[in-house]
Each structure stands twice: as structure tokens, then as C-alpha cells.
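Student:
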Amino acid sequence: MITDPIQTFNEWYEAACASKKIIDPTAMVIASGKRDGSVDARVVLLKKVTSRGFYFVSNYESSKARDFEANSHVAVVFHWDALEQQIRIRGQIQKASVEFSDTYFQSRSRDSQLGAWASAQSQPIATREVLIDAMESVRAQFEGQPVPRPPHWGGYCIEPDAIEFWRGQPNRLHDRHVYSRVDDTWEACRLSP
Ligand SMILES: Cc1cc2nc3c(=O)[nH]c(=O)nc-3n(C[C@H](O)[C@H](O)[C@H](O)COP(=O)(O)O)c2cc1C
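Laid out in C-alpha cells, this is it:
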């Protein structure tokens, strides 16, 4: 068995892409905990994986951002239905580096960059027109110049403590392997399905 779960993740991810059966293998559900003990979850898109962890981008003033400040423990699920695969990650979330956030922001389309300025993610808005007006307003504001990364927008890195790989098998005798971080190494264990 491979002892580096990041390597296993990359192999599964590349196979999911190659299969062309998964519309968006980067889609993952991330669950967070709130200060009052309640929990929440939503889909975000994976942007990068390194030995440090799993990166996505978001709004630093969103509801999830407030959760991450209150409780840095998160859980993530990838479900690749057509391949009968699930990957679960538990870990700690940290903001990504400024370099990551800047580089990723600059790689986005101009409209996506403007959208990051226009949308106060998770805040109530009266109508869709309010959002469209905000977009036109920032479009005019940055006319003829590069769009800088908003201070309220950037990357997060989920640093894994445990990663579980689940693969469907006949008779519900599915394969489950969980890797737990122990100091700087990973311990692997097979779990009953
Ligand atoms: C397919 C899909 C991909 C999404 N990707 C992102 C993403 O990468 N980053 C993000 O902040 N929100 C993304 N969203 C929106 C989130 O699911 C969520 O609605 C938003 O981040 C607000 O969540 P919050 O109020 O819990 O902060 C995506 C939604 C869907 C359905």
C-alpha cells in the first residue's frame, strides 16, 4: 500500500479526470463548525494540492470564513459517483499565502476578478439587480486598469490530519483505507466498510 495519501489522492484525481465520467472532480463539500457548536457545509472547488494540503479560494468575510476563524477544524468530502469513489479529509484550515492568492486571482477572467469585488459573499441583498449594479459599478471603477485582488478574497489551505479513500466493491464489501498523520509521517489502516 502506498504510504503517502497525497500521492494516492493525485492518482485517484488524475484517473477521475481521465475517465471523463466526472463532470467536475474538483468539486468538494467542506464542512465547518460555528462558534455555537452548530455546523454548516457547502461545495467549493479544489485549486491545488501540495504536500501541505488542499487549496481553494473564497471570500474572507463569508459565513464560512467566520466559521474558520471560530474553529479551524474542517472536514471535506469528494464523491465521484460514476467511479464509486469517496475521499474524506479531516484537517485544519489556514489562509493560503499572499503569493498563492495573488497568483490565482491574476489567472482568473476579468469578470471573475470584478465579481470578487462586487459580491459581499453570504450577505443578504434585496434583489439580483443590486448585484448587477454593483458589478457595473466596479467595472467602471477599474476601467482601463488591472483589477487588484480584493483584501477580502483569497485562498485557503486545508492541512490534512486524516484522509480516507473509499472504493465501492461488490456485495457492499467496500474498500476503505484511512491515513492518519502521526508527527511527520502517515499511518495507514484498513477499515471495515
Ligand atoms: C459547484 C460549486 C462550486 C463552488 N465553488 C466555490 C468556491 O470555489 N469558492 C466559494 O467561495 N464558493 C463556491 N461555491 C459557492 C459555495 O457553495 C457557497 O454557496 C458560498 O461559498 C457561500 O458559502 P458560505 O455562506 O457558507 O460562506 C460553489 C458552489 C457550487 C455549487
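Numbering (the numbering used here), first residue to last: 32 to 224.
Note that the Cβ used here is the ideal one computed from N, Cα and C, for glycine as well.
Who's in the neighbourhood of ligand 1, going by beta-carbon under 7 Å from any heavy atom, listed in chain order?
Tutor: Asp-55, Ala-58, Asp-71, Arg-73, Val-74, Val-75, Leu-76, Phe-87, Val-88, Ser-89, Asn-90, Ser-93, Ser-94, Lys-95, Ala-96, Gln-152, Ser-153
Student: Any idea what DSSP makes of Arg-226, helix, strand or coil?
Tutor: The structure shown has nothing for residue 226, since the chain only spans 32 to 224.
Student: Give me, in chain order, the residues of the same chain whose beta-carbon lies closer than 6 Å to that of Ser-211; leave out the 5 immediate sequence neighbours on both sides.
Tutor: Ala-193, Glu-218
Student: For Ser-103, which of Ala-171, Ala-62, Leu-204, Arg-203 has the nearest alpha-carbon?
Tutor: Ranking the options by Cα distance to Ser-103, first place goes to Ala-62.
Student: In or out: Ser-50 buried (at least 16 other Cβ within 10 Å) or exposed?
Tutor: Burial call: exposed.
Student: Please give the ranges of any beta strand (DSSP E) in the region 147–180, keeping only runs that are unbroken, at least 3 residues long and fully inside the region.
Tutor: none
Student: Look up Asp-27 in the DSSP assignment and say whether it is helix, strand or coil.
Tutor: Nothing about residue 27 can be reported from this structure: the residues present for the chain run from 32 to 224 only.
Student: Touching or not, the region 178–198 and the region 102–117, by the rule of three or more beta carbon pairs under 8 Å?
Tutor: yes
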